[in-house]
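Chemist: Protein chains in written order, with our numbering: chain A, 4 to 165; chain B, 4 to 165. Encoded as structure tokens, here's the structure I'll be asking about.
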DNA sequence: CCGCATCACTTGACTGAGCAAGTTTTACCT
DNA sequence: AGGTAAAACTTGCTCAGTCAAGTGATGCGG
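Next up, the structure:
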């Protein structure tokens, strides 16, 4: 009964739901990316890094902590930070306390970038997501998302960046 | 009033909703991919191509039509089909009626792959999405997804593959 | 029926992500 | 202390995706 091959195929309503969700899954991230790339030549991922740093104590974080916030591998993060460093938005230094860890810090120009990109990004999220939903739907969406995220965490123990 | 810089930043509840949704947006596609890659050494995108062909009249479609179904650029599709052809799961032929169009057709072994992967894939979708939701939540999710998808279509007129 | 725009791809150059292997520094065990 | 394991990145290799340019084939205006 628990064998995967025995679970019924998705029925009509489920298929429609899945298809609609799949559409969002496929389109939403690219549109969000597009704004940042057009306006600031930034990946959504790179923006996430800058944003995380901007909210951090002292505008700087160890790479591993940052990788956690950005749901990323250290490898991916490392390459992204190299790119950001080239633009002088981030600077790296090794932690004097533990010379294995390198601390990524936001520069002033990096902070300016975040300050100018973040409101536009939030506005786009509002337009695409919250403006299309009733307050009740938004609350339900939060529940739904949490449930699915929990299921993902359980399933196979998969986690990004680990 | 309609200037983007004037829209209020996301409030607490919205931020939580967005953060939960962003998690799903980031994690769900990779987990879905993982199964196909581990089990069949297939990208979700490649699977989509095979699946679309399997449901098509004569198990074959012109590249441009297929690109529409797969929400993809012709360029991306072309490369993917090259890969699938190397594994003898798809074969290309030029349409005798219009020698510009090339028709991608599913081979028998390709059909076998779809037949074996599709149920497992559907089962995973069920476990991750529908098993975590009440029937009512699932219905709401369909509404929500449609609304967001509609907002995306309106916004900036962006469309994948075009 | 000829020339040129257009269509339907394909391909070359480049970029970002993943995996695995390598480096340096620290922690632990005895 | 001394040696080994582990942590915290970084980097080489390879691959998929994008963008722009290239290649035939077709349609169409005069």
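All C-beta atoms, glycine included, are put in the ideal place defined by N, C-alpha and C.
1. Say whether chain A places a C-beta atom closer than 8 angstroms to the C-beta of residue 147 (chain B).
2. When Cβ atoms are compared, which residues of the stretch 8-42 of chain A fall closer than 7 angstroms to chain B?
3. Using C-beta distances below 6 angstroms, list every residue in its chain close to residue 139 (chain A), excluding the 5 sequence neighbours before and after it, in chain order.
4. Assess, as a yes-or-no matter, whether the stretch 91-99 of chain B is touched by the stretch 13-26 of chain B under the definition of 3 or more beta carbon pairs within less than 8 angstroms.
5. For a quick check, are the C-beta atoms of residue 134 (chain A) and residue 154 (chain B) less than 8 angstroms apart?
6. Quick one: what's got a C-beta closer than 8 angstroms to residue 51 (chain B)'s C-beta in the same chain, skipping five residues either side?
7. Using DSSP bridges, identify the partner residues of residue 65 (chain A).
8. Using beta carbons (cut-off 8 angstroms, strictly below), is residue 128 (chain B) in contact with chain A?
9. Verify the CB distance criterion: does residue 52 (chain A) have a CB-CB separation below 8 angstroms to chain B?
10. Taking 8 angstroms as the threshold (C-beta atoms), are residue 158 (chain B) and residue 131 (chain A) in contact?
11. So, for residue 110 (chain B): in the same chain, excluding its five sequence neighbours on each side, which residues have a beta-carbon less than 7 angstroms away from its beta-carbon?
12. Which same chain residues, not among the five before or five after residue 146 (chain B), have their C-beta less than 8 angstroms away from its C-beta?
13. Between which residues of its own chain and residue 45 (chain A) is the CB-CB distance below 6 angstroms, once the five residues before and five after are set aside?
14. What's the C-alpha gap between residue 148 (chain B) and residue 89 (chain B)?
15. I need the DSSP call for residue 75 (chain A), collapsed to helix, strand or coil.
16. If distances are taken between C-alpha atoms only, which option among B:108, B:125, B:156 and B:152 comes closest to residue 58 (chain B)?
17. Taking 8 angstroms as the CB-CB limit, is residue 68 (chain A) close to chain B?
Modeler: This is what the structure gives:
1. yes
2. 8, 10, 12, 13, 17, 19, 20, 21, 23, 24, 26, 27, 28, 29, 30, 31, 32, 33, 34 and 37
3. Cβ neighbours of residue 139 (chain A) beyond the five flanking positions: none.
4. no
5. yes
6. 72 and 73
7. A:106
8. yes
9. no
10. Yes, these two residues count as a Cβ contact at 8 angstroms.
11. 91, 92, 93 and 94
12. none
13. Cβ neighbours of residue 45 (chain A) beyond the five flanking positions: 39.
14. 36 angstroms
15. coil
16. Residue B:108 is the option with its Cα nearest to residue 58 (chain B).
17. no
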